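Asker: Take a look at the following structure, please.
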Amino acid sequence: MKMKKTLACTLAATLAFALAACSEDAPTTTASSTSAAATAIKIGATGPLTGGAAIYGQAARNGAQIAVDEINALGGIQLELNYQDDEHDAEKAVNAYNTLKDWGMQISLGSVTSTPAIATGAENFTDRIFALTPSASSVDVTAGKDNVFQMCFADPNQGSASAQYIVDQKLGTKVAVIYKNDDAYSTGIFNTFKTTAETLGLEIVSTSTFTEDSQQDFSVQLGDAKSKGADIIFLPIYYTPASLILQQAASIDYTPKFFGVDGMDGILTLEGFNTALAEGVILLTPFNADSTDAKTEAFVATYQSKFGEVPNQFAADGYDCIYAIYQAIQAGNITVDLSAEAINDILIAQFTTMTFNGITGTDVTWGTNGQVSKAPKGMIIKNGAYAGLD
Amino acid sequence: MAFLSHLISGVSLGSIYAIIALGYTMVYGIAKMLNFAHGDVIMVGAYSCFFMVSRYELPAVVGVVVAMVVCTILGVTIERLAYRPLRQAPALAVLITAIGVSYFLQNSALLLWTSNPKVFPSIVGNGSLKLFDGQLSISYTALLTVVTCIIIMMALTWFTSKTRMGKAMRAVSEDKGAAQLMGINVNATISMVFAIGSALAAIAGILLCSAYPTLSPTTGSMPGIKAFTAAVFGGIGSIPGAMIGGILLGVIEIFGKAYISTQLSDAIVFLVLIVVLLVRPTGLLGKSVQEKV
Chain D
122 MKMKKTLACT LAATLAFALA ACSEDAPTTT ASSTSAAATA IKIGATGPLT GGAAIYGQAA
182 RNGAQIAVDE INALGGIQLE LNYQDDEHDA EKAVNAYNTL KDWGMQISLG SVTSTPAIAT
242 GAENFTDRIF ALTPSASSVD VTAGKDNVFQ MCFADPNQGS ASAQYIVDQK LGTKVAVIYK
302 NDDAYSTGIF NTFKTTAETL GLEIVSTSTF TEDSQQDFSV QLGDAKSKGA DIIFLPIYYT
362 PASLILQQAA SIDYTPKFFG VDGMDGILTL EGFNTALAEG VILLTPFNAD STDAKTEAFV
422 ATYQSKFGEV PNQFAADGYD CIYAIYQAIQ AGNITVDLSA EAINDILIAQ FTTMTFNGIT
482 GTDVTWGTNG QVSKAPKGMI IKNGAYAGLD
Chain L
55 MAFLSHLISG VSLGSIYAII ALGYTMVYGI AKMLNFAHGD VIMVGAYSCF FMVSRYELPA
115 VVGVVVAMVV CTILGVTIER LAYRPLRQAP ALAVLITAIG VSYFLQNSAL LLWTSNPKVF
175 PSIVGNGSLK LFDGQLSISY TALLTVVTCI IIMMALTWFT SKTRMGKAMR AVSEDKGAAQ
235 LMGINVNATI SMVFAIGSAL AAIAGILLCS AYPTLSPTTG SMPGIKAFTA AVFGGIGSIP
295 GAMIGGILLG VIEIFGKAYI STQLSDAIVF LVLIVVLLVR PTGLLGKSVQ EKV
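Chains as they are written, first to last, in this note's numbering: chain D, 122 to 511; chain L, 55 to 347.
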């Protein structure tokens, strides 16, 4: 018997080793924090640092980190940033949020993606810890919570801005929409897109859906759009399923224009993806890395030298979040010894009255409902890179 | 033409379900257990091929062979370590073990390969066959899937009916005790079935990811569940049943999406399953076996 057990263990070990042999490089650290002393204001955040939406979480974290480093280098107010992984999952996000609370978080950057951010936003509201999410765009993230704010524009704005943009730029007349109907982000954008399209007289000829469990085969959805003669397909979804849609459209020789929103950002860096498929894809984002604005140029240069890639809008959102909070901290005379609740009240007062100039927009203001007001920019993918459309 | 193109998508998706379902049904037929880890063996197969083809830039054939070898070893090892010690245990214990193995594989994959999705390179290229002046296009992957499925089906039927090993399999499936008395090595036969089932899983994984090229540690779980449904639908334990069940399921899924609603396609699939099981509780081709008292 003992013999058998030894054999079993050896086999198991061999198997584990064999699997490990073809493993990836060691996963990157899941939490990052600056090594500031206890004299720094603690800012906590959760985001998908691994998983299907990892590119957003990592970008937001990197962007925020650059801002924190810059501010700390100035002397004066010191900040400490702690990013926890939530894998774009609400339950994991709440666990990560609790970890941050135990760590002593005084200000929160909420979560990076919508579904987790709705969950952590509710916690922020009950715990009275101020939150400014870089990129969680669902209205439910801020709805009914006086201390949760957004840096990105909310879904209704993305949906209506997209419809407006398609009409203004005459990108197409017959629109097909493929959206993910079990996702708050995707459904939210679709609903407002539809309403705005109706008022603008933009014809939606085909509407089809998919879910988490059926995001593989899009032949039916694309076939429907093709047979109804759609010349532009609106994709209010994340880039992973979008990559499959682009590939399957190419295989049936269907070449409409594709129009995405901020979730499309990241498609160019998907491992193994043929970027030629994304040629000509248009997306609305508030950030243009090609901009000649001095602040943007400096940020892009720092980001490239640190992380070896061009920052996307999530990185810019993360960067702006820290600077907006920094501006409010200065204006509200917040000091490191204040409790999270006291800071919360000062920040609410500041955010609802201040005007912020960042790299994702100028003259940015916030309403009491937590939603931001700023203008989106159109981008097109050309030769495997983003280019400004305006 | 739209109908024909939906039919082709359906048959091609169904063929993948069918190959996966064969793994479920063979194991059930002989060991009378549901191997829920089967879907995750598919995922391991797809990753093995991905690393060979994408990272080490070896030819696709090498990728397929390596994936089959890895999956066969994995399948036999799982059976040896997790299921054989429970041969005499109640069925429920084995079922829970199988679910445990499934989670073990998924989480090991998360740890080793992270959950960042990878784009799987198609092993036959992304081209397609154009018919009727390009009105109908069939991707090479779809053709390959259907052909592979038919070949596997014929080979398995021949194997189980003509070879000594196949006869032993059928004997063990009918009555384990009697087979043992007749001098058949029951354990070796069951290991054999796991080996075949897992090699098929590797092929299914590669075909699945060639058709729908994103690969992540949960890639195998939903197709695994659908294929299990297909196996039950066709009559669990029956090889032609798994085949028919798989293809029907794929076709119903695509037609449901195309002609009823994309929002309801999964609901329709499972509704059909419920109706079939109400009318024929043993599935389409299942035999009802009288309990021996």
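We put the beta carbon where it would ideally sit given N, CA and C, even for glycine.
All values derive from a computational prediction rather than experimental measurement.
May I ask you to report which of helix, strand or coil DSSP gives Val233 (chain D)?
Answerer: To locate residue 233 (chain D), count along the first sequence from 1; it is residue 112. The answer is coil: DSSP assigns Val233 (chain D) none of H, G, I, E or B.
Asker: Could you tell me the distance, in whole angstroms, from the CA atom of Ala265 (chain L) to the CA atom of Asp334 (chain D)?
Answerer: Reading the second sequence from its first residue, position 211 is the one you call residue 265 (chain L). Reading the first sequence from its first residue, position 213 is the one you call residue 334 (chain D). Whole-angstrom Cα-Cα distance: 16 angstroms.
Asker: Starting from Glu191 (chain D), trace the alpha helix (DSSP H) in both directions and tell me its first and last residue.
Answerer: Taking the first residue of the first sequence as 1, we reach residue 191 (chain D) at position 70. It spans Ala175 to Ala194 - the alpha helix (DSSP H) in which Glu191 (chain D) sits, taken as one unbroken run.
Asker: So which residues of chain L does Thr486 (chain D) contact, with C-beta pairs closer than 7 angstroms?
Answerer: What you label residue 486 (chain D) is simply residue 365 of the first sequence in a count that begins at 1. What Thr486 (chain D) touches in chain L: nothing, since even the nearest Cβ is about 36 angstroms away.
Asker: What residue range is occupied by the uninterrupted alpha helix (DSSP H) comprising Ser426 (chain D)?
Answerer: Taking the first residue of the first sequence as 1, we reach residue 426 (chain D) at position 305. It spans Ala415 to Phe428 - the alpha helix (DSSP H) in which Ser426 (chain D) sits, taken as one unbroken run.
Asker: Considering only their Cβ atoms, is the gap separating Pro171 (chain L) from Glu392 (chain D) smaller than 9 angstroms?
Answerer: In the first sequence, residue 392 (chain D) corresponds to position 271, counting from 1. In the second sequence, residue 171 (chain L) corresponds to position 117, counting from 1. In contact: Glu392 (chain D) and Pro171 (chain L) (Cβ atoms closer than 9 angstroms).
Asker: Would you mind reading off the limits of the beta strand (DSSP E) that contains Ala166 (chain D)?
Answerer: Mapped onto the first sequence, residue 166 (chain D) falls at position 45. Looking at the DSSP string, the run of the beta strand (DSSP E) that includes Ala166 (chain D) is Ile162 to Gly168.
Asker: Taking Cβ positions, are Leu323 (chain D) and Val288 (chain D) nearer each other than 9 angstroms?
Answerer: Taking the first residue of the first sequence as position 1, residue 323 (chain D) is located at position 202. Taking the first residue of the first sequence as position 1, residue 288 (chain D) is located at position 167. In this structure, Val288 (chain D) lies closer than 9 angstroms to Leu323 (chain D) by Cβ.
Asker: By a C-beta neighbour count over all protein chains shown, 10 Å radius and 16 as the cutoff for buried, is Pro362 (chain D) buried or exposed?
Answerer: Stepping through the first sequence from its first residue, residue 362 (chain D) is reached at position 241. Classification for Pro362 (chain D): buried.
Asker: Which runs of the beta strand (DSSP E), 3 residues or longer, sit entirely within the segment 305-354 of chain D?
Answerer: Correct list: 324-331.
Asker: Quickly, what does DSSP pair Ser182 (chain L) with across the bridge? List them, please.
Answerer: As a working note, residue 182 (chain L) is residue 128 in the second sequence. Beta-bridge pairing links Ser182 (chain L) to L:Ser193.
Asker: Which residues of the segment 153-169 of chain L have a Cβ closer than 7 angstroms to any Cβ of chain D? Give them in chain order.
Answerer: Listed by position along the chain: Ser162, Leu166, Trp167, Thr168 and Ser169.
Asker: When you compare each of D:Lys495, D:Val260 and D:Tyr507 to Lys306 (chain D) by their alpha carbons, which one comes out closest?
Answerer: Along the first sequence, one-based indexing puts residue 306 (chain D) at 185. According to the sequence shown, residue 306 (chain D) is Tyr rather than Lys. That would be D:Val260, whose Cα lies nearest to the Cα of Tyr306 (chain D).
Asker: Taking the alpha carbon of Ala346 (chain D) as the point to measure from, which residue in L:Lys230, L:Thr316, L:Ser270 and L:Ala253 has its own alpha carbon closest?
Answerer: Mapped onto the first sequence, residue 346 (chain D) falls at position 225. Considering only alpha carbons, the answer is L:Thr316.
Asker: What do you get for Leu58 (chain L), buried or exposed, if any count of 16 or more other CB atoms within 10 angstroms of its CB means buried?
Answerer: Looking up residue 58 (chain L) in the second sequence gives position 4. Its Cβ having fewer than 16 others within 10 Å, Leu58 (chain L) is exposed.
Asker: I want to verify the contact list: residues of chain L whose CB lies under 8 angstroms from the CB of Asp334 (chain D), in sequence order.
Answerer: Counted from its first residue, the first sequence places residue 334 (chain D) at position 213. By Cβ distance, chain L contributes Met276 and Asp320.
Asker: For Leu292 (chain D), decide whether its Cβ has a neighbour in chain L, counting only Cβ atoms nearer than 9 angstroms.
Answerer: Reading the first sequence from its first residue, position 171 is the one you call residue 292 (chain D). So no, Leu292 (chain D) is outside the interface.
Asker: Assess contact between the segment 65-73 of chain L and the segment 429-441 of chain D, defined as three or more Cβ pairs (one per stretch) separated by less than 8 angstroms. Is contact present?
Answerer: No, they do not touch.
Asker: Quick one: which unbroken alpha helix (DSSP H) runs of 4-plus residues sit fully inside the segment 243-302 of chain D? Chain order, please.
Answerer: Fully enclosed alpha helix (DSSP H) runs of 4 or longer: 260-263 and 276-289.
Asker: In angstroms, rounded to a whole number, what distance separates the CA positions of Leu252 (chain D) and Ile502 (chain D)?
Answerer: Counting from 1 along the first sequence, the entry for residue 252 (chain D) is found at position 131. Counting from 1 along the first sequence, the entry for residue 502 (chain D) is found at position 381. Just to set this straight, residue 252 (chain D) is Ala in the shown sequence, not Leu. In a straight line, the C-alpha of Ala252 (chain D) is about 33 angstroms away from that of Ile502 (chain D).
Asker: For the pair the segment 274-287 of chain D and the segment 335-344 of chain D, tell me if three or more CB-CB distances fall below 8 angstroms.
Answerer: These segments do not touch.
Asker: Relative to the C-alpha of Ile290 (chain L), which candidate in L:Ile74, L:Ala253, L:His60 and L:Thr195 has its C-alpha closest?
Answerer: Taking the second sequence and counting its residues from 1, one reaches residue 290 (chain L) at position 236. For Ile290 (chain L), the nearest C-alpha among the options comes from L:Ile74.
Asker: Span of the beta strand (DSSP E) holding Asp206 (chain D)?
Answerer: Start at 1 with the first residue of the first sequence, and residue 206 (chain D) comes out as number 85. From DSSP, the beta strand (DSSP E) with Asp206 (chain D) extends over Leu200 to Asp206.
Asker: Figure out for me which residue from D:Ala461, D:Val298, D:Gly350 and D:Thr330 has the closest Cα to the Cα of Lys315 (chain D).
Answerer: Counting from 1 along the first sequence, the entry for residue 315 (chain D) is found at position 194. For Lys315 (chain D), the nearest C-alpha among the options comes from D:Val298.
Asker: Determine, using beta-carbon pairs with one atom in the segment 88-98 of chain L and one in the segment 202-214 of chain L, whether at least three such pairs fall under 8 angstroms.
Answerer: No, they do not touch.
Asker: Give me, in chain order, the residues of the same chain whose beta-carbon lies closer than 7 angstroms to that of Ala91 (chain L); leave out the 5 immediate sequence neighbours on both sides.
Answerer: Here the question's residue 91 (chain L) lines up with position 37 in the second sequence. Hits under 7 angstroms: Ile132, Ala152, Val155, Ser156 and Leu159.
Asker: Does the beta carbon of Pro237 (chain D) fall short of 8 angstroms from some heavy atom of the ligand ADP?
Answerer: What this structure holds is no ligand at all, so the ligand ADP is not there to describe.
Asker: I need the straight-line Cα distance from Ala508 (chain D) to Gly83 (chain L), nearest angstrom please.
Answerer: The residue you call residue 508 (chain D) lines up with position 387 of the first sequence. The residue you call residue 83 (chain L) lines up with position 29 of the second sequence. Approximately 58 angstroms, taken between the alpha carbons.
Asker: Who are the Cβ neighbours of His60 (chain L) in its own chain at under 7 angstroms, not counting the five residues just before and after it?
Answerer: Indexing the second sequence from 1 puts residue 60 (chain L) at position 6. If we look at His60 (chain L) and ignore the five residues flanking it on each side, its Cβ neighbours are Ile308, Phe309 and Ala312.
Asker: Where do the ends of the beta strand (DSSP E) carrying Ile501 (chain D) lie?
Answerer: As a first step, residue 501 (chain D) must be located in the first sequence, where it is residue number 380. Lys498 to Lys503 is the span of the beta strand (DSSP E), which, as asked, contains Ile501 (chain D).
Asker: Taking 9 angstroms as the threshold (C-beta atoms), are Met122 (chain L) and Ala253 (chain L) in contact?
Answerer: Taking the second sequence and counting its residues from 1, the one referred to as residue 253 (chain L) is at position 199. Taking the second sequence and counting its residues from 1, the one referred to as residue 122 (chain L) is at position 68. Contact flag set, yes.
Asker: In the DSSP assignment, find the unbroken beta strand (DSSP E) run with Leu405 (chain D) in it and report its ends.
Answerer: Walking along the first sequence from the start, residue 405 (chain D) turns up at place 284. Ile403 to Thr406 is the extent of the beta strand (DSSP E) around Leu405 (chain D).
Asker: With distances taken Cα to Cα, identify the nearest neighbour of Asp348 (chain L) among D:Leu510, D:Thr406 and D:Thr330.
Answerer: Outside the displayed span of chain L (55 to 347) sits residue 348 (chain L), for which this structure offers no information.
Asker: What residue from D:Ile162, D:Tyr177 and D:Val233 has the CA that sits closest to Ile198 (chain D)'s CA?
Answerer: Residue 198 (chain D) sits at position 77 when you count from the first residue of the first sequence. The candidate whose alpha carbon is nearest that of Ile198 (chain D) is D:Ile162.
Asker: In the DSSP output, what is Ile228 (chain D) paired with across the bridge?
Answerer: Here the question's residue 228 (chain D) lines up with position 107 in the first sequence. Answer is D:Ile164, bridged to Ile228 (chain D).
Asker: With distance defined between alpha-carbon atoms, name the residue in D:Ala445, D:Gly505, D:Gly491 and D:Lys495 nearest to Val189 (chain D).
Answerer: Within the first sequence, residue 189 (chain D) is the residue found at index 68, counting from 1. The shortest Cα separation from Val189 (chain D) among D:Ala445, D:Gly505, D:Gly491 and D:Lys495 belongs to D:Ala445.
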